[in-house]
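Reading through the structure tokens given below for one structure.
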Ligand code: MG
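Residue numbers (our numbering): 149 to 310.
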């Protein structure tokens, strides 16, 4: 049985994952409205991925016969200073998610809940990839996106990624 402490932490993590989806959906809509469909489709993929993360945490709770508690989701930022800002926000946000996953991981270790520990470890690995991907996108943007034409072409290429 999952401790009350871990139950709360898992439910909070579900909220955080859905907030990530909401934030990335806001970013997808921003790019779509600005005519950058490639960036939009990339962020829609991220949105789906975050919802899958939420679902994995929820399924873990179901498997342990623990009730999933859905909380309010804060309104994400919907306007951005320029096309680069959402990428900076994504990287900062993923770092925040990492610290929240680290927190979950350390609680599971402290409580010697090895099932939870093993489950959360997959998200530790996932966060390594998430930070790397977000950093990579930002770096490439800085190198290649020097004018509107570059940004458009970069967006088109990004839209081809699956
Ligand atoms: Mg996630």
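Cβ atoms here follow ideal geometry from the backbone N, Cα and C, with glycine treated the same way.
| Asked | Found |
| --- | --- |
| Helix, strand or coil at residue 298 according to DSSP, with G and I counted as helix | helix |
| Rounded straight-line distance, which links the Cα of residue 206 to that of residue 177 | 27 Å |
| First through last residue of the alpha helix (DSSP H) which encompasses residue 155 | 152 to 181 |
| Closest by C-alpha distance to residue 280, when choosing among 246, 168, 158, 208 | 246 |
| Boundaries (first-last residue) of the alpha helix (DSSP H) holding residue 207 | 185 to 211 |
| Residue 201: CB within 7 Å of a non-hydrogen atom of the ligand MG | yes |
| Residue 294 classed as buried or exposed, judged by whether at least 16 other C-beta atoms fall within 10 angstroms | exposed |
| Residue environment, residue 311, which counts as buried when at least 16 other CB atoms sit within 10 Å | Since the first residue shown for the chain is 149 and the last is 310, residue 311 is missing from the structure and cannot be characterised. |
| Residue 213 burial status per 10 Å Cβ neighbour count (16 or more: buried) | exposed |
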